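**Q** Have a look at this one before I ask anything.
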Amino acid sequence: RTERTSAGKLAGRHIIVTAGPTHEPIDPVRVIANRSSGKQGFAIAGALAGLGARVTLIAGPVSLPTPAGVDRSDVETAREMEAAVAAALPADAAVLVAAVADWRVDAAASKLKKRDGPPSLSWHPNPDILAGLAGRPDRPRLIVGFAAETDNVVAEAQAKRARKGCDWIIANDVSGDVMGGENNAIHLITETGVESWDQAPKQEVARRLADRIADALD
Ligand code: CTP
Ligand code: CA
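So the sequence shown is numbered by the UniProt record's numbering: it starts at 181 and just counts up by one.
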């Protein structure tokens, strides 16, 4: 094949990226959320665009600027994120970095008052966006999930890869100061094995991953 320059390696490709947390309302002022700054997902979206991809970034509530060359769609809840992912198809690849709330509750229409005591919430599981996408007949050719773990990091992530049916999973060791920080230590788990990357700035992890995705789609 003819070598493309590194800068245009992803030209003509469409890639979906999810990033940030989701917020599940309890009432008009309170939410259930996960911890996620969105930094790693935004960096990945920017790095993919930097290689020439058309990137649809579906972002939960974060306070980050949109990376250059990226189409951004803001959502609040897991169900909104799921719908935005479906609406963005077809795509060549999807990188689901978002920390999606696993459960939602029936939200009150009016503000709950503290004087009435702690509310009893009725919980419902949220859709698994990654597993749902991987099961679709029109799924992207390459689906990359993330797994933030504190214990048995690689084994838990390998089990998640199999359970959700994604192609690659990035095991993120969040036992240190990764959450909200500038650096990340990851293991890339593919069909052929596990690669452990040295701790590096999130921007550097993003560039390396974008490069690997470009090679895989080639
Ligand atoms: N994910 C998703 N939809 C959900 C939950 C998770 O798309 N409702 C995606 C995340 O974006 C990530 C991957 O699945 O790419 C793994 O998320 P994680 O929370 O680690 O996995 P869970 O299956 O929810 O397991 P647990 O939280 O119990 O570890
Ligand atoms: Ca989860």
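No residue lacks a Cβ here, since even glycine has one placed at the ideal position from N, Cα and C.
Predicted model only: the values in this text are computed from it and were never measured.
Could you say if the region 310-319 and the region 281-297 meet the contact criterion of at least three C-beta pairs nearer than 8 Å?
**A** In short, these stretches do not touch, since the Cβ pair count stays below three.
**Q** What span of residues does the alpha helix (DSSP H) with residue 385 cover, start to end?
**A** Residue 385 -> alpha helix (DSSP H) spans 382-397.
**Q** Span of the alpha helix (DSSP H) holding residue 401?
**A** This structure does not reach residue 401, given that the chain is present from 181 up to 398, and the question cannot be answered.
**Q** By DSSP, does residue 327 sit in helix, in strand, or in coil?
**A** Reduced to three states, the DSSP call for residue 327 is strand.
**Q** Considering residue 309, what are the terminal residues of the alpha helix (DSSP H) in which it resides?
**A** That run of the alpha helix (DSSP H) goes 309-314.
**Q** Quick one: is the Cβ of residue 324 within less than 8 Å of any heavy atom of ligand 3?
**A** Absent from the structure shown: ligand 3. Ligands present: ligand 1 and ligand 2.
**Q** Nearest-angstrom Cα distance between residue 401 and residue 369?
**A** Only positions 181 to 398 of the chain appear in the structure, and residue 401 is not among them; the question remains open.
**Q** What whole-angstrom Cβ distance do residue 262 and residue 320 have, given they're in contact under 8 Å?
**A** 15 Å between Cβ atoms; not a contact.
**Q** Can you list, in chain order, the residues of its chain with a C-beta nearer than 7 Å to that of residue 394? Leave out the 5 residues immediately preceding and following it.
**A** 189, 190 and 231.
**Q** Looking only at C-alpha atoms, which of 377, 356 and 318 sits nearest to residue 331?
**A** That would be 356, whose Cα lies nearest to the Cα of residue 331.
**Q** Can you give the Cα-Cα distance for residue 218 and residue 244, rounded to whole angstroms?
**A** Approximately 8 Å, taken between the alpha carbons.
**Q** Which residues does DSSP list as the beta-bridge partners of residue 403?
**A** For residue 403 there is no data in the structure shown, the boundaries of the chain being 181 and 398.
**Q** Inspect the CB distances between the region 278-288 and the region 200-219 and report whether three or more fall short of 8 Å.
**A** Touching, per the Cβ criterion.
**Q** Assign residue 245 to one of three DSSP states: helix, strand, or coil.
**A** If DSSP states are grouped into helix, strand and coil, residue 245 belongs with coil.
**Q** Just to confirm, are residue 202 and residue 265 a CB contact at a threshold of 9 Å?
**A** Cβ atoms of residue 202 and residue 265: not closer than 9 Å.
**Q** Is DSSP giving residue 233 helix, strand or coil here?
**A** If DSSP states are grouped into helix, strand and coil, residue 233 belongs with coil.
**Q** Please indicate yes or no: does the CB of residue 357 lie closer than 8 Å to some heavy atom of ligand 2?
**A** No, the Cβ of residue 357 stays beyond 8 Å of every heavy atom of ligand 2.
**Q** Excluding five sequence neighbours on each side, which residues of the same chain lie with their C-beta closer than 8 Å to the C-beta of residue 283?
**A** For residue 283, where only same-chain residues beyond five positions count, the Cβ hits under 8 Å are 204, 212, 303, 304, 305 and 306.
**Q** Mind reading off the beta-carbon distance from residue 229 to residue 247? Whole number of angstroms is fine, and I expect it under 8 Å.
**A** Yes, residue 229 and residue 247 are in contact; Cβ-Cβ is about 6 Å, under 8 Å.
**Q** What does the alpha-carbon distance come out to for the pair residue 290 and residue 226?
**A** Taking the straight line from one Cα to the other gives about 39 Å.
**Q** Go ahead and pull the three-state DSSP assignment for residue 276.
**A** Strand, per DSSP.
**Q** Just the C-alpha distance for residue 181 and residue 375, rounded to the nearest angstrom, thanks.
**A** In this predicted model, residue 181 has a pLDDT of only 49, less than 50, meaning its place in the structure is not dependable enough to derive any value.
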